[in-house]
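According to our numbering, the sequence shown is numbered sequentially starting from 1. So the structure is just underneath, and the comments pick up after that.
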Amino acid sequence: MIFNKLEWSHSLTANWLYDRFLQLLIYPSIWVAAALASLGFYTQNILDLGDSWQPIALIFVTALIPYNLDRIFDSYVQKIPDNKAQLFFRQPCIWVLLLTAISLTIILLYNAPLRVRYISIAGIIPLLYGVPLFPGKSEGLTPPRPTYAERYPLGRASGETPDGADSSKGGACMPRKSTIQWYRLKDIPGSKAWIVGTVLTYAVITLPIAYSDAQFNFATGLITLFMFVFIVTNSHIFDIRDIQSDKEKGVITLPTIAGVKGTKIILSAMNLLVLLFITLAVKNQIISFYPEMILALTINLIYIWKININTPRWVYNILIEGFLFIPLLGHWAIKIII
Numbered sequence: 001m002i003f004n005k006l007e008w009s010h011s012l013t014a015n016w017l018y019d020r021f022l023q024l025l026i027y028p029s030i031w032v033a034a035a036l037a038s039l040g041f042y043t044q045n046i047l048d049l050g051d052s053w054q055p056i057a058l059i060f061v062t063a064l065i066p067y068n069l070d071r072i073f074d075s076y077v078q079k080i081p082d083n084k085a086q087l088f089f090r091q092p093c094i095w096v097l098l099l100t101a102i103s104l105t106i107i108l109l110y111n112a113p114l115r116v117r118y119i120s121i122a123g124i125i126p127l128l129y130g131v132p133l134f135p136g137k138s139e140g141l142t143p144p145r146p147t148y149a150e151r152y153p154l155g156r157a158s159g160e161t162p163d164g165a166d167s168s169k170g171g172a173c174m175p176r177k178s179t180i181q182w183y184r185l186k187d188i189p190g191s192k193a194w195i196v197g198t199v200l201t202y203a204v205i206t207l208p209i210a211y212s213d214a215q216f217n218f219a220t221g222l223i224t225l226f227m228f229v230f231i232v233t234n235s236h237i238f239d240i241r242d243i244q245s246d247k248e249k250g251v252i253t254l255p256t257i258a259g260v261k262g263t264k265i266i267l268s269a270m271n272l273l274v275l276l277f278i279t280l281a282v283k284n285q286i287i288s289f290y291p292e293m294i295l296a297l298t299i300n301l302i303y304i305w306k307i308n309i310n311t312p313r314w315v316y317n318i319l320i321e322g323f324l325f326i327p328l329l330g331h332w333a334i335k336i337i338i
């Protein structure tokens, strides 16, 4: 009896902690924004760009804006499988966070060098990512006209159909008047995760470089390629989770086109190719050897094949997004050991 009560108490505590974690870090995208900021910090470290906090802060606050804006729109136009998340993004508190992030972004950009402001213009893409922008026509067929028998299953008072009425025939499907349907950038077929991965890679690479006024060279290009594949793999994995929701809304993603297995094969090939490029670059002394890159891509390959549509949401919310911290944490761990 005592052990059962203790187990029940621990279960309640664990559930309470998990709910608080969701409410405070996961739903408002603070967890993923911090992970992306860590990638910017990692870029600073391996490219020796100094230790300025401004680019890291800018990455963090700007990441909060598109993620939350997209989920606010999704909560109204696309059903989120997590009912708690659906309700969370309809509460006033999320607008407070959004307005705070926008205000801090304006302050940081106002105090940033001019080159940083120019580079940040690309930030309009994630801001518009989930916003309905493009009008299009939606056409279809009206349901067939019901038969007389379907309209009057018991007949009239006399039990007879009117003269000339055929009780067996209904009307054919008729063209429905076209209506206006608004589309988002994420509705471009297959573009969803690629847009996310490209914009995030752009941010975590170019902002630290712009603040330090460094030059973009071939070694930086290889690190950018690593970062792109690392991030875009993470983004596509979430499309596997959301495959049913995307199908219902008509959002075409890589998993809806190639299937779950096809997506895993494509992502695995990308990660293996980058591993090969990094190995050749290190061998030819183009870049230094960074074990954390190998570790990050290896973990990518592991979770690509472990994840499926039935994987619990907490694994995605905490672990998969948390894997974005690996390059920085691995880099720090290696520096401590060595």
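Glycine included, C-beta positions come from ideal geometry on N, C-alpha and C.
- Contact between the segment 98-113 and the segment 52-72 is present, with at least three C-beta pairs closer than 8 Å.
- Taking a cut-off of 8 Å for Cβ pairs, the segment 64-73 and the segment 85-100 touch, as three or more such pairs fall below it.
- Here the C-alpha atom of P189 lies approximately 31 Å from the C-alpha atom of I278.
- In this chain, the alpha helix (DSSP H) harbouring P92 covers 92-110.
- DSSP, read as helix, strand or coil, puts W53 in coil.
- Nearest C-alpha to Q285 among A219, L207, S212, A35: A219.
- The segment 195-206 and the segment 225-232 touch, with no fewer than 3 CB-CB distances between them shorter than 8 Å.
- Between L109 and R117, the CB-CB gap stays under 7 Å.
- Within its own chain, the residues whose Cβ lies closer than 6 Å to the Cβ of N300, once the five positions on either side in sequence are excluded, are T233, N271, listed in chain order.
- The three-state reading of DSSP puts A214 in coil, since its state is none of H, G, I, E or B.
- Per the coordinates, the alpha-carbon of T263 lies some 6 Å from the alpha-carbon of L254.
- For the pair Y211 and S52, the CB atoms are nearer than the 7 Å cut-off.
- With fewer than 16 other CB atoms across the displayed protein chains lying within 10 angstroms of its CB, L24 is exposed.
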